[in-house]
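Undergrad: Residue numbers (this note's numbering), protein chains in the order written: chain B, 72 to 308; chain A, 72 to 308. Here's a structure for you.
Number of protein chains: 2
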Amino acid sequence: MAYKSLYSACGMMPQEDGFTTPALPSLCKEAVNSASSFLGHASLHPCFAEEEEEEDRAASALRIHSQAEKRRRERINARLSTLRRMIPEANKMDKASLLGKVIEQVKDLKRKAVDISKGFTIPSETNEVTVESKGGCEITTYIEASICCDDRPDLLADLIQAFQGLRVTAVRADMISLGGRVRNVFILCKKDSQQGGVCMTSLEDSIKEVLARIASSDVVSGKRQRLMQSQYSNISF
Amino acid sequence: MAYKSLYSACGMMPQEDGFTTPALPSLCKEAVNSASSFLGHASLHPCFAEEEEEEDRAASALRIHSQAEKRRRERINARLSTLRRMIPEANKMDKASLLGKVIEQVKDLKRKAVDISKGFTIPSETNEVTVESKGGCEITTYIEASICCDDRPDLLADLIQAFQGLRVTAVRADMISLGGRVRNVFILCKKDSQQGGVCMTSLEDSIKEVLARIASSDVVSGKRQRLMQSQYSNISF
DNA sequence: CATCACACGTGACTC
DNA sequence: TGAGTCACGTGTGAT
């Protein structure tokens with residue numbers, strides 16, 4: 072009975088959904104016609120006569136099935152084209168390549184978001200100093216230096232003075248203060264382009280040493296009351 | 072001739088790829104057998120005899136075609152699976168719903184990234200000062216103040232001093248310096264909890280005035296050479 | 001029972 | 001022409 076499936080409901084072909092579909096004329100109607108005429112030609116067997124009444128039901132079931140499947144395809148393809156609209160220059164790409172680009176995008180956005188919000192972590196209770204060399208471009212290299220310590224009015228001035236003394240300049244700085252504690256993250260690079268003058272690791276060590284000294288010099292009393300005074304701290308991904 | 076497509080190469084069914092496929096047995100072989108036997112029954116037409124030799128080629132063409140199509144499906148589904156792995160709790164979702172979630176994720180990440188990097192826009196050529204009251208929580212209100220001007224060594228010190236004079240404190244600060252220009256964004260709140268002491272709009276006006284004065288006081292010569300010294304500036308979405 | 005979602009094979013089209 | 005992509009209809013299992 073499998074050839075019965077050739078009696079599909081190709082009678083209606085909506086096909087007026089032109090968003091990305093190349094509007095195939097779907098020549099299966101001819102196929103059905105030729106096959107049915109051939110079978111009609113071979114309908115000399117009387118054993119096929121009593122199946123006429125259930126063919127209608129089967130045919131209508133197949134028709135609504137194919138319509139549902141078409142709707143499903145349209146749903147998926149609609150999502151796919153809005154996704155294609157969101158990805159730069161993905162207008163003429165395979166579905167697979169498009170999805171690959173989407174994966175890349177999501178990974179990239181997540182990584183960027185984490186990178187950006189790295190310096191936004193809430194200041195911790197313990198003093199912390201990290202110095203880390205970042206890649207940078209081929210001309211200059213960058214150093215990411217972070218310090219987490221008690222806040223005080225002249226902390227920033229001390230840091231600036233320290234950077235000037237080390238002949239590095241901050242091209243990027245993030246500071247978040249919360250209840251007496253502060254966390255600063257700087258992206259530093261060498262001041263004048265005296266590349267290769269001093270060893271990179273020794274410069275990092277110097278920065279680390281200076282920052283540690285600044286962090287531990289709490290002039291004011293150690294602990295102040297901690298109050299959640301900033302809504303800008305809970306950036307979660 | 073469309074029924075010729077029933078002679079497909081269902082003889083080999085690899086089907087050993089089980090990652091997500093429920094391993095359908097693909098009963099089209101029965102369909103082919105029944106159909107072919109039926110056609111064999113009706114092969115009383117001698118005009119079908121000379122087509123035997125080209126049926127092999129057509130069959131093999133169909134086989135490699137279906138194999139290629141299977142590979143294509145596998146590629147798409149592999150991307151879909153990795154995408155499903157990246158979206159939280161999308162393990163049991165339709166393809167369409169999964170793609171919807173992906174769209175949502177991408178939009179959300181882009182929006183968050185833009186929100187975060189709002190203060191991180193590259194310093195512009197013209198001086199700009201904006202002061203804007205942000206919502207904050209019910210206890211304190213925040214003021215977002217940004218200044219874009221020429222960079223100079225004591226700019227930060229001037230700003231800090233100005234904020235101290237206005238009795239506001241920065242709970243959050245972003246600074247980006249690019250080629251002699253700098254853009255600073257501060258989230259300010261009143262220093263000691265003297266709420267309602269001064270009118271909010273007059274405080275904003277004072278901040279704006281002070282920042283404008285600081286921005287326009289270029290002690291050094293106006294234009295320095297602009298060099299692209301930071302990779303952290305071109306955050307594009 | 002119907003409905004839904006999936007994989008499959010196939011015809012049409014493009015490069 | 002041959003490899004690759006797409007939409008389509010269909011069979012099938014799950015809910």
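The C-beta atom is built at its ideal place from N, Cα and C for all residues, glycine as well. None of the values given here were measured: they were computed from a predicted structure.
What number of angstroms, rounded off, separates the C-alpha of leucine 226 of chain A from the C-alpha of isoleucine 285 of chain A?
TA: 8 Å
Undergrad: Can you tell me where the alpha helix (DSSP H) with serine 287 of chain A in it begins and where it stops?
TA: 271 to 287
Undergrad: Comparing C-alpha positions only, which one of A/Ala132, A/Ser248, A/Glu196, A/Cys219 sits nearest to valine 202 of chain A?
TA: A/Cys219
Undergrad: Any C-beta of chain B within less than 7 Å: which residues of the stretch 160 to 171 of chain A qualify?
TA: Near chain B, meaning a CB-to-CB distance below 7 Å, the residues of the stretch 160 to 171 of chain A are Lys166, Ala167, Leu170, Gly171.
Undergrad: Just to make sure I have the definition right: I need the residues of chain B whose C-beta is within less than 8 Å of the C-beta of isoleucine 147 of chain A. Which are they?
TA: Lys166, Ala167, Leu170
Undergrad: CB serine 217 of chain B to CB asparagine 255 of chain B, shorter than 9 Å?
TA: yes
Undergrad: Taking any Cβ of chain A, which residues in the stretch 212 to 235 of chain B have a Cβ under 8 Å from it, in chain order?
TA: Tyr213, Pro224, Leu227, Ala228, Ile231, Gln235
Undergrad: Quick one: grab the DSSP three-state call for asparagine 255 of chain B.
TA: Looking at asparagine 255 of chain B - three-state DSSP - the assignment turns out to be strand.
Undergrad: Name, please, each residue of chain B whose Cβ falls closer than 8 Å to the Cβ of methionine 271 of chain A.
TA: Correct list: empty, because the minimum Cβ distance to chain B is about 17 Å.
Undergrad: Output, in sequence order along the chain, the residues in the stretch 238 to 250 of chain A whose CB is closer than 9 Å to any CB in chain B.
TA: Thr240, Ala241, Val242, Arg243, Ala244, Asp245, Met246, Ile247, Ser248, Leu249
Undergrad: Count the other C-beta atoms from every protein chain shown that fall within 10 angstroms of the C-beta of threonine 240 of chain A, then say buried if there are 16 or more, exposed otherwise.
TA: buried
Undergrad: Skipping 5 residues on each side, what residues in its chain have a beta carbon closer than 6 Å to that of methionine 246 of chain B?
TA: Asn255
Undergrad: Any idea what DSSP makes of tyrosine 78 of chain A, helix, strand or coil?
TA: Residue placement at tyrosine 78 of chain A cannot be trusted, given a pLDDT of 34 that sits under 50; what the coordinates show is reported in the next sentence. Of the three classes helix, strand and coil, the one that applies to tyrosine 78 of chain A here is coil, per DSSP.
Undergrad: Applying the 10 Å Cβ sphere with the 16-neighbour rule, what's the burial state of isoleucine 278 of chain B?
TA: Classification of isoleucine 278 of chain B: buried, given that the 10 Å Cβ count is 16 or more.
Undergrad: By the three-class DSSP mapping on this structure, what secondary structure does lysine 163 of chain A have?
TA: coil
Undergrad: Based on the DSSP secondary-structure assignment, which residues constitute the bridge partners of glutamate 199 of chain B?
TA: B/Cys219
Undergrad: Identify which residue in A/Glu215, A/Glu145, A/Gln235 has its Cα closest to the Cα of proline 224 of chain B.
TA: A/Gln235
Undergrad: CA-CA distance, threonine 197 of chain A and aspartate 229 of chain A?
TA: 20 Å
Undergrad: Is the Cβ-Cβ distance between arginine 238 of chain A and lysine 205 of chain A less than 9 Å?
TA: no
Undergrad: If you draw a straight line from the C-alpha of valine 253 of chain B to the C-alpha of arginine 243 of chain A, how long is it?
TA: 9 Å
Undergrad: List the endpoints of the continuous alpha helix (DSSP H) containing leucine 227 of chain B.
TA: 226 to 236
Undergrad: May I ask you to list the residues that DSSP assigns as paired with serine 52 of chain B?
TA: This structure cannot speak to residue 52 of chain B, because chain B is shown only from 72 to 308.
Undergrad: In three-state terms, what does DSSP make of threonine 240 of chain A?
TA: strand
Undergrad: DSSP state of isoleucine 214 of chain B, grouped into three classes?
TA: strand
Undergrad: Using a beta-carbon distance below 9 Å, is glutamate 201 of chain A in contact with chain B?
TA: The sequence as given places threonine at residue 201 of chain A; glutamate does not occur at that position. No - not a single Cβ of chain B is within 9 Å of the one on threonine 201 of chain A.
Undergrad: Please tell me whether phenylalanine 119 of chain A has its Cβ less than 9 Å away from any Cβ of chain B.
TA: With a pLDDT of only 46 at phenylalanine 119 of chain A, under 50, the local geometry of the prediction cannot be trusted, and no value is derived from it.
Undergrad: Checking 9 Å against the spacing of the C-beta atoms, do lysine 178 of chain A and methionine 157 of chain B come in under that value?
TA: yes
Undergrad: Going along the chain, which residues of its own chain have a beta-carbon closer than 7 Å to the beta-carbon of valine 173 of chain B, five neighbours each way excluded?
TA: Once the five neighbours on either side are set aside, the close Cβ partners of valine 173 of chain B are Leu154, Ile158.
Undergrad: Step through the CB atoms of chain A and report whether any lies within less than 9 Å of the CB of lysine 181 of chain B.
TA: Yes, lysine 181 of chain B lies at the interface with chain A (some Cβ there is under 9 Å from its Cβ).
Undergrad: Give me the DSSP bridge partner(s) of lysine 172 of chain B.
TA: DSSP output for lysine 172 of chain B lists no bridge partner at all.
Undergrad: Step through the CB atoms of chain B and report whether any lies within less than 9 Å of the CB of arginine 128 of chain A.
TA: Taking Cβ atoms only, chain B never reaches closer than 9 Å to arginine 128 of chain A, which makes this a no.
Undergrad: So, is serine 248 of chain B buried or exposed, given that buried needs 16 or more other C-beta atoms within 10 angstroms?
TA: Answer is buried; the Cβ neighbour count reaches 16.
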